[in-house]
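Protein chains in written order, with this note's numbering: chain Z, 69 to 166; chain R, 1239 to 1751.
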């Protein structure tokens, strides 16, 4: 059984909001299959009772005073936007008209 | 031979150490403007062949240099003409020193591409903390240097703007992902550089280009303004031509930052006072797992040769075991790709970066990401999305994080018996362009000895220790416990001194011809 099928690759690409060509689907099916096959080696290891390491530093709950501070002015925030209208980011319609 | 004298002076400007240049600047023998101009000339002369720079900011650099000259003049006036350079604060040693910034760090008003079409025209509204600290220290930024797209790669071939070439052999890669940083420093196109290291991206190119690269402890340097790849692994680190230069830059950029909640609290770590203490009595850990199958003979010889020289200087060796090293590669690719798939979700064509039109918002997202990302970035987003998706999360992502704990424990046990670990940086010397591009797994093996350091969050330095028969540089990696930057740099300095007869005098031909 292959590690990953072309349909799974298409499904994952949809989740990742990534349009793929059929050529890419074929290539990623093969390459991701090889990588996942190599990753399956981890199953050899007994990790019963081992805590996962999500972060290398033992930090938790880093607080700062809740004070108003200067932030970037609106025009600087918008300066790199592909499309702006009325001081806002413009995107295709998301909500249907009633 | 008429050019020889001029070339010698130019060479002294281009290949001087930070302290040599600083001394001449503060004595008034040279100006920061002259120093910046010499570097801009070198970039003009050779960067067409090396392609280290994506953006050169000549005007901005000259303005910063003139500001540095005014700062020096003011101090000289206050002190009655002469400034005692030995009394300068470490960060004052950077006044007027030209440097190159990896294009992954945000620079206010200067385009920051991350080596990606996605950010080809992105101009950040603020600077990264590490950049801001160098600005305040009076260093002169020459420009932004090339990298694998979003720091994903080991050869610089994943840059959307064409690869950087290795100054020692233009047919070979400089290593990645901070390839532009290492190549620029090796070729005299900058005195030092900043890179970022998620799985070896500072150490590998430093090794391939014959320069020194430090990956600090996770949290030692603020990540604010560093474009995120894998947030639990990324660190900013300096690349320079000597261990001492690396140490000076590290002290200038390190320390806690309120803008990065994962920056480590506590005082700025000092590494310069202990730098020259040598290795007498230092226990060097040698793990056989780093010297097994796959390691090329020249690299093995050079690394073990450096160990032998350190033993002659009074170090002892102790064998340690790293039984989980062989699992570092899959653990790294699952964790880093998972974090990347989440971090790179922000590139949706709405707030900044490329946008490709679509009939609805999902089509716009998907087409933008198709057009903006290169092959390797797409591959890792796919791998990470898969590993985090329903049904695979426990089997891949959580499993990898558990094995990460086992790798961390291997290091903890090794450091009970050894002060540092000494290992190769990469199995081979710099490979040829195109040699590994079609085989991701083979490319990933390039980083097999550096990945586990990031998984455990440890500091490590790559320092040149010799050359292969074909004249390519070889680096040795010194790994230490968390926050032991002073110790790894002290050992690296001892390596540098011990191999000086073989290494110190060599420069890439393209840089000095």
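We put the beta carbon where it would ideally sit given N, CA and C, even for glycine.
Check	Outcome
Taking Cβ-Cβ distances shorter than 9 Å, what residues in chain Z pair up with residue 1717/R?	Those within 9 Å of residue 1717/R in chain Z number zero; the least Cβ separation is about 14 Å.
Comparing C-alpha positions only, which one of 1597/R, 1631/R, 1628/R, 1570/R sits nearest to residue 1643/R?	1570/R
Can you give me the C-alpha to C-alpha distance between residue 1374/R and residue 1327/R, rounded to a whole angstrom?	13 Å
Since residue 1390/R contacts residue 1614/R with CB under 8 Å, what's their CB separation in whole angstroms?	5 Å
With burial defined as no fewer than 16 other Cβ atoms inside 10 Å of the residue's Cβ, what is the status of residue 1377/R: buried or exposed?	buried
So, residue 1280/R versus residue 1448/R, is the Cβ gap smaller than 8 Å?	no
Is DSSP giving residue 1680/R helix, strand or coil here?	helix
Output, in sequence order along the chain, the residues in the stretch 117 to 151 of chain Z whose CB is closer than 8 Å to any CB in chain R.	118, 119, 120, 121, 122, 123, 124, 125, 127, 130, 132, 140, 144, 145, 147, 148, 149, 150, 151
Which residues in the same chain as residue 1691/R place their Cβ atom closer than 7 Å to its Cβ, once the five residues preceding and following it in sequence are excluded?	1453, 1698, 1717
Residue 164/Z CB to nearest chain R CB: under 8 Å?	no
Starting from the Cα of residue 1740/R, find the closest Cα among 1579/R, 1707/R, 1715/R and give me that residue.	1707/R
Kindly say whether residue 1526/R, judged by its beta-carbon, lies nearer than 8 Å to any beta-carbon of chain Z.	no
For residue 1679/R, go through chain Z and note every residue whose CB falls closer than 9 Å to its CB, in chain order.	99, 102, 103, 106
Measuring CB to CB, does residue 1306/R end up less than 8 Å from residue 1347/R?	no
Is there a Cβ of chain R sitting closer than 8 Å to that of residue 159/Z, yes or no?	yes
Can you grab the Cα-Cα spacing for the pair residue 1603/R / residue 1572/R, in whole Å?	24 Å
Does any residue of chain R bring its CB to less than 8 Å from the CB of residue 115/Z?	yes
List the residues of chain Z whose Cβ lies closer than 8 Å to the Cβ of residue 1565/R, in chain order.	109, 110, 113
Please list, in chain order, all residues of the same chain as residue 1793/R whose beta carbon is under 8 Å from its beta carbon, the five residues on each side excluded.	Outside the shown range of chain R, which is 1239 to 1751, sits residue 1793/R, and nothing can be said about it.
Give the DSSP-derived three-state secondary structure of residue 153/Z in the structure shown.	strand
Have a look at 1587/R, 1405/R, 1630/R and flag the residue whose alpha-carbon is nearest the alpha-carbon of residue 1745/R.	1405/R
Mind checking if residue 1634/R is an interface residue toward chain Z, Cβ cutoff 8 Å exclusive?	yes
Extract the residue ranges of the beta strand (DSSP E) inside the stretch 1279 to 1353 of chain R, only unbroken runs of 3 or more that lie entirely within it.	1291 to 1294, 1336 to 1340
Residue 93/Z versus chain R: which residues are under 9 Å apart at the beta carbon?	Those do not exist, as residue 93/Z stays about 10 Å from chain R at its closest Cβ, beyond 9 Å.
For residue 1363/R and chain Z, any beta-carbon pair shorter than 8 Å?	yes
Taking all protein chains shown into account, do 16 or more other C-beta atoms lie within 10 angstroms of the C-beta of residue 90/Z, making it buried, or fewer, making it exposed?	exposed
Between the Cα of residue 1471/R and those of 1538/R, 1522/R, 1688/R, spot the shortest distance and give me the residue it belongs to.	1688/R
Can at least three beta-carbon pairs, one atom from the stretch 1651 to 1667 of chain R and one from the stretch 135 to 148 of chain Z, be found at a separation below 8 Å?	no
If I'm right that residue 1668/R touches residue 1407/R with Cβ under 8 Å, what's the distance once you round it to whole angstroms?	7 Å
Which residues in chain R have a C-beta closer than 7 Å to the C-beta of residue 81/Z? List them in chain order.	1620
Does residue 1431/R come out as helix, strand or coil in the three-state DSSP assignment?	strand
Check each candidate in 1357/R, 1321/R, 1289/R, 1527/R and name the one with the smallest Cα separation from residue 1410/R.	1289/R
Where residue 150/Z and residue 94/Z are concerned, what is the direct C-alpha to C-alpha distance, given to the nearest angstrom?	32 Å
Leaving aside the five residues before and after residue 1310/R along the sequence, list all residues of the same chain whose C-beta is less than 8 Å from its C-beta, in chain order.	1263, 1264, 1266, 1270, 1321, 1333, 1334
Between the Cα of residue 1508/R and the Cα atoms of 1727/R, 1467/R, 1282/R, 1414/R, which residue gives the shortest distance?	1727/R
Just to make sure I have the definition right: I need the residues of chain R whose C-beta is within less than 7 Å of the C-beta of residue 84/Z. Which are they?	1579, 1619, 1620, 1623
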